[in-house]
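> Protein chains in written order, with our numbering: chain C, 51 to 167; chain G, -7 to 103.
Ideal Cβ placement from N, Cα and C applies to all residues, glycine included.
For reference, the structure I am asking about is given below.
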Amino acid sequence: DTGVSQNPRHKITKRGQNVTFRCDPISEHNRLYWYRQTLGQGPEFLTYFQNEAQLEKSRLLSDRFSAERPKGSFSTLEIQRTEQGDSAMYLCASSLGQVPTTNEKLFFGSGTQLSVL
Amino acid sequence: DAKTTQPTSMDCAEGRAANLPCNHSTISGNEYVYWYRQIHSQGPQYIIHGLKNNETNEMASLIITEDRKSSTLILPHATLRDTAVYYCIVRVMNRDDKIIFGKGTRLHILP
């Protein structure tokens, strides 16, 4: 399977614990996005990378959240001191990041479902 | 914030054409209309996009009004597998710009 891969699929943790999610994008894709989705809502943008550079972070991304893409390939999203409000589906997407972006399409993974007890 | 308005939900009989409307009355000249869908327990999937001309691919057709203030996504022969949430999005091209999702339309295909 050469699509976007996210691990783990499910994560249950206790409030106050740290969690880390991994995203492996499609191999030739330069751009990588993180979104968060709660029940009944559309995905909310968190942050994105162009290669290893983090270009934008949403105000939703508090200082407890950090994302990295150290070698411009896979990315990790860490949440420190989790709270019950962090319970959500965390989605990763990648795209070619081509210029011009006329035909830019995002390819999403199946997400990591986080439950904070 | 999302720049589009969509009905919360719609029903369509299996085998019929599903027509999903989207209002984007504040769209700018350099903004494209994109459609994605999200099947339960999966990430969103790209369907189609267009600027001002009607577009068709293997999944769907996109009809954009002449004034570009609204569009319709058409699934010509809906199947049960088309049951999903459909998101209409406007996006500026040629910019480092993320996709902003609204709440979308929940489409139920009825057997």
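Tell me, please, whether the CB atom of Leu164(C) is closer than 7 Å to any CB atom in chain G?
Here residue 164(C) refers to the residue found at position 114 when the first sequence is read from its first residue. So no, Leu164(C) is outside the interface.
> Return the CA-CA distance between Ala5(G) and Met51(G), expressed in angstroms with no decimal places.
In the second sequence, the residue the question calls residue 5(G) occupies position 13. In the second sequence, the residue the question calls residue 51(G) occupies position 59. Distance between the alpha carbons of Ala5(G) and Met51(G): 17 Å.
> So, with DSSP's three-state summary, where would you put Gly135(C)?
The residue you call residue 135(C) lines up with position 85 of the first sequence. If DSSP states are grouped into helix, strand and coil, Gly135(C) belongs with the helices.
> Cα separation between Val77(G) and Asn68(C)?
Locating residue 77(G) in the second sequence gives position 85, counting from the first residue. Locating residue 68(C) in the first sequence gives position 18, counting from the first residue. For Val77(G) and Asn68(C), the distance between alpha carbons rounds to 32 Å.
> Taking Cβ-Cβ distances shorter than 7 Å, what residues in chain G pair up with Gly92(C)?
Within the first sequence, numbered from 1, the residue matching residue 92(C) stands at position 42. Within chain G, the residues near Gly92(C) are Tyr79, Phe93, Gly94, Lys95, Gly96.
> Got a sec? Which residues, its chain only, sit under 7 Å from Leu105(C) by beta carbon, not counting five neighbours each side?
Here residue 105(C) refers to the residue found at position 55 of the first sequence. If we look at Leu105(C) and ignore the five residues flanking it on each side, its Cβ neighbours are Tyr98, Phe99.
> Assuming Arg73(G) contacts Ser1(G) under a Cβ cut-off of 8 Å, what Cβ separation, rounded to an integer in Å, is found between them?
The residue given as residue 73(G) occupies position 81 in the second sequence. The residue given as residue 1(G) occupies position 9 in the second sequence. Wrong, their Cβ atoms sit about 18 Å apart, outside the cutoff.
> Just reading off the beta strand (DSSP E) that Asn11(G) is part of, what are its end residues?
By 1-based counting over the second sequence, the position of residue 11(G) is 19. Its beta strand (DSSP E) spans residues 10 to 15.
> Evaluate Ala9(G) with the Cβ neighbour count: other Cβ atoms within 10 Å of its Cβ, from every protein chain shown; 16 or more gives buried, anything less gives exposed.
Sequence index remark: in the second sequence, residue 9(G) carries index 17 (1-based). Exposed is the call here.
> Identify every residue that forms a DSSP beta bridge with Arg109(C).
Residue mapping note: residue 109(C) aligns to position 59 of the first sequence, counting from 1. None, per the DSSP bridge assignment.
> Is it buried or exposed for Ile81(G), if we count other Cβ within 10 angstroms and need 16 for buried?
On the second sequence, residue 81(G) is found 89 positions in, with the first residue counted as 1. Ile81(G) should be labelled buried.
> Does the count of Cβ pairs from the stretch 124 to 135 of chain C and the stretch 59 to 76 of chain C closer than 8 Å reach three?
They touch, by the three-pair rule.
> Alpha carbon to alpha carbon, what distance is there between Pro103(G) and Thr71(G)?
One-based indexing of the second sequence puts residue 71(G) at position 79. One-based indexing of the second sequence puts residue 103(G) at position 111. For Thr71(G) and Pro103(G), the distance between alpha carbons rounds to 8 Å.
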